[in-house]
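Just so we're aligned, residue 0 is where the sequence shown starts under numbering that gives the first Met the number 0, counting upward by one.
Cβ atoms here follow ideal geometry from the backbone N, Cα and C, with glycine treated the same way.
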Amino acid sequence: MAKVSIIIPVYNVEKYLSKCLDSVISQTYKDIEIICVNDGSTDNSLQILTEYANKDDRIKIITKPNGGIGSARPVGIAAAVGEYLLFVDSDDWIDEKLVEKTVDKIRETNVDAVIFGAYSVKGNNISKGMYSVNRIPQKFKESILTLKDYEDNLFRFPPTVWCKLYRKNFVDENNIKFQEIKDGEDQIFYLHTMLAAKSVYIIDEDLYYYVKNRVGAITADNTKTSVSPILNFYAAEKLLNRIRLSNKYINQVTDKYFSKALSWYGKCSKDFKPEYFTKLMELKEYIDETYSSGWWKYYKLNRNDSYISIKAKIIIAKAKWKIKKGL
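This is the structure in structure tokens:
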């Protein structure tokens with residue numbers, strides 16, 4: 000059997016951690032190491048980790064000062080000795096056969112990464128949400144795919160790090176990194192994976208349970224106080240230039256990350272909005288000057304925009320651009 004390194008960043012999740020760990024240690028595939036990176040927790044998370052580690056020697060605890068999930072995951076990768084990498088967030092849980100099914104498929108197909116879907120969990124409700132395989136076009140499912148197959152659909156797959164099993168040597172050899180930012184730290188990791196992989200495989204199953212909007216979660220749908228989406232645009236642009244794929248994919252990347260940066264403004268806290276709007280204006284000016292062809296030319300920034308009005312204006316701008324292009 001091939002060892003799988005399961006990397007779990009942990010920060011103040013005492014109410015959720017046991018459920019997460021129970022789902023991991025109960026995997027039908029047993030040859031795993033469980034690397035828990037305690038990111039400076041101030042609650043009882045470390046105590047819970049220690050109790051589990053005393054009962055299961057597959058669990059390894061690494062403690063570091065708090066630096067965010069984007070700094071915790073690389074610590075786990077550096078410590079991993081497995082042939083494959085799986086990332087699990089400590090407030091989520093996984094299907095008991097996730098590792099078995101993904102390892103079987105990655106060994107059968109010899110791809111660099113296996114992609115699967117996730118259920119969305121909100122309170123007691125479990126649904127097929129935004130990360131479900133239901134969102135993936137049927138033509139991609141249960142297939143070995145190369146970049147040529149999905150080059151026009153880079154963002155039609157779950158853009159998270161935890162909906163995939165990776166070959167560790169693929170991640171290491173391509174120097175695939177996380178952003179050390181407050182939100183969306185895995186966006187560039189996802190993009191780099193999809194561009195660098197020789198091939199990937201899509202399993203037509205939801206095998207992960209993603210807990211939405213838990214109290215204290217960075218990913219909770221509350222007021223935002225970071226410029227992470229703007230930073231992700233520049234990081235994505237830098238990545239494309241470094242791997243010499245800018246000309247081919249910059250329009251898709253600009254569409255994705257500028258849309259995200261705009262929508263984020265509608266979620267910003269009232270006090271943070273002026274600072275974010277200034278950064279957003281700078282981004283808009285840069286994109287307009289650098290990339291002349293795109294719907295963003297038809298989008299006008301307004302300080303009073305709400306999340307809903309931003310979404311509507313994006314749709315209108317895209318429609319105007321398509322008319323202009325005769326599409």
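Among the options, which has the Cα closest to the Cα of residue i?
{"i": "Phe271", "options": "Lys223, Ser245, Asn240, Tyr306", "result": "Lys223"}
{"i": "Ile314", "options": "Asn303, Trp294, Lys324, Asp304", "result": "Trp294"}
{"i": "Tyr118", "options": "Glu288, Glu150, Tyr209, Asp203", "result": "Tyr209"}
{"i": "Gly39", "options": "Arg155, Ser70, Pro157", "result": "Ser70"}
{"i": "Ser292", "options": "Lys237, Glu274, Trp320, Ser268", "result": "Trp320"}
{"i": "Lys211", "options": "Ser4, Asn240, Trp92", "result": "Trp92"}
{"i": "Val170", "options": "His191, Arg241, Arg155", "result": "His191"}
{"i": "Pro8", "options": "Asp94, Thr108, Lys63", "result": "Lys63"}
{"i": "Gly81", "options": "Ser4, Ser245, Asn11", "result": "Ser4"}
{"i": "Ala78", "options": "Val36, Tyr297, Phe154, Leu48", "result": "Val36"}
{"i": "Asn303", "options": "Leu239, Leu84, Leu194, Tyr275", "result": "Tyr275"}
{"i": "Glu204", "options": "Glu284, Tyr189, Thr289, Val113", "result": "Val113"}
{"i": "Ser225", "options": "Thr41, Leu279, Ile322, Ile202", "result": "Leu279"}
{"i": "Lys2", "options": "Leu194, Lys299, Glu32, Ile58", "result": "Glu32"}
{"i": "Leu48", "options": "Thr41, Asp30, Ser17", "result": "Ser17"}
{"i": "Phe188", "options": "Ala196, Leu194, Phe177", "result": "Phe177"}
{"i": "Leu164", "options": "Ser245, Ser126, Ile229, Ala196", "result": "Ala196"}
{"i": "Asn152", "options": "Ala318, Arg241, Leu194, Lys317", "result": "Leu194"}
{"i": "Val132", "options": "Asn301, Ile202, Asn168", "result": "Ile202"}
{"i": "Thr41", "options": "Thr27, Thr277, Asn65", "result": "Asn65"}
{"i": "Asp30", "options": "Ile175, Leu300, Glu99", "result": "Glu99"}
{"i": "Tyr233", "options": "Thr277, Leu282, Asn173", "result": "Leu282"}
For residue i, collect the residues of the same chain with a Cβ closer than 7 angstroms to its Cβ; drop the 5 residues on either side in sequence, then sort them by chain order.
{"i": "Ile286", "result": "Thr253, Phe257, Trp295"}
{"i": "Tyr306", "result": "Ser262, Gly265, Lys266"}
{"i": "Lys121", "result": "Lys211, Asn212"}
Can you tell me whether residue i is buried or exposed? The criterion is at least 16 other CB atoms within 10 Å of its CB, across all chains shown.
{"i": "Gly116", "result": "buried"}
{"i": "Asp220", "result": "Any reading at Asp220 must be qualified, since the residue scores a pLDDT of 44, below 50, and its modelled position is unreliable; no value is offered."}
{"i": "Lys324", "result": "exposed"}
{"i": "Arg243", "result": "exposed"}
{"i": "Ala235", "result": "buried"}
{"i": "Tyr10", "result": "buried"}
{"i": "Ser25", "result": "exposed"}
{"i": "Arg166", "result": "buried"}
{"i": "Ser227", "result": "buried"}
{"i": "Tyr83", "result": "buried"}
{"i": "Lys269", "result": "exposed"}
{"i": "Ile309", "result": "buried"}
{"i": "Lys247", "result": "exposed"}
{"i": "Tyr298", "result": "buried"}
{"i": "Ile322", "result": "exposed"}
{"i": "Ala260", "result": "buried"}
{"i": "Ala316", "result": "buried"}
On the DSSP bridge assignment, give the partners of residue i in chain order.
{"i": "Thr62", "result": "Asn37"}
{"i": "Val170", "result": "In the DSSP output, where bridge partners are listed per residue, Val170 has none listed."}
{"i": "Tyr208", "result": "Trp92, Tyr118"}
{"i": "Ala112", "result": "Tyr165, Val199"}
{"i": "Pro73", "result": "In DSSP, Pro73 forms no bridge with anything."}
{"i": "Leu144", "result": "Val199"}
{"i": "Ser4", "result": "Glu32, Leu84"}
{"i": "Ile125", "result": "Val120"}
{"i": "Lys332", "result": "In the structure as shown, the chain starts at 0 and stops at 326, and residue 332 therefore has no counterpart that could be examined."}
{"i": "Lys317", "result": "DSSP lists no partner for Lys317."}
{"i": "Asp9", "result": "Looking at the sequence itself, residue 9 is Val, so the reference to Asp does not match. Answer is Asn37."}
{"i": "Cys267", "result": "Lys223"}
I'd like the list of long-range same chain contacts for residue i, defined as Cβ closer than 6 angstroms, with 5 residues on each side in sequence excluded.
{"i": "Leu20", "result": "Tyr51"}
{"i": "Asn43", "result": "Glu13"}
{"i": "Asp90", "result": "Val12, Tyr15, Val210, Arg213"}
{"i": "Leu206", "result": "Asp94, Leu97, Phe115"}
{"i": "Pro157", "result": "Tyr130"}
{"i": "Phe86", "result": "Ile6, Val160, Trp161"}
{"i": "Leu45", "result": "Asn37"}
{"i": "Asn124", "result": "none"}
{"i": "Ile58", "result": "Ile33, Tyr51, Ala52"}
{"i": "Glu141", "result": "Asp203"}
{"i": "Lys127", "result": "Asn133"}
Nearest chain E C-beta to residue i closer than 7 angstroms, yes or no?
{"i": "Val160", "result": "In the structure shown, chain E does not exist; there is a single protein chain."}
Output needed for residue i: all residues of its chain with C-beta closer than 8 angstroms, excluding positions within five of it in sequence on either side, in chain order.
{"i": "Ile143", "result": "Thr108, Val110, Ser198, Val199, Tyr200"}
{"i": "Ile61", "result": "Ile34, Cys35, Val36, Asn37, Val74, Gly75, Ala78"}
{"i": "Arg155", "result": "Arg134, Ile135, Pro136, Phe139, Tyr149"}
{"i": "Ile249", "result": "Glu236, Leu239, Tyr290"}
{"i": "Asp55", "result": "Ile24, Ile33"}
{"i": "Gln251", "result": "Asp151, Leu153, Phe154"}
{"i": "Ser245", "result": "Glu236, Leu239"}
- contact_flag[the region 71-85, the region 142-155] where n(CB pairs < 8 angstroms) is 3 or more: no
- Task: Spell out a yes or no on whether the region 61-70 and the region 101-110 are touching, meaning 3 or more CB-CB pairs, one atom from each, closer than 8 angstroms.
- Result: no
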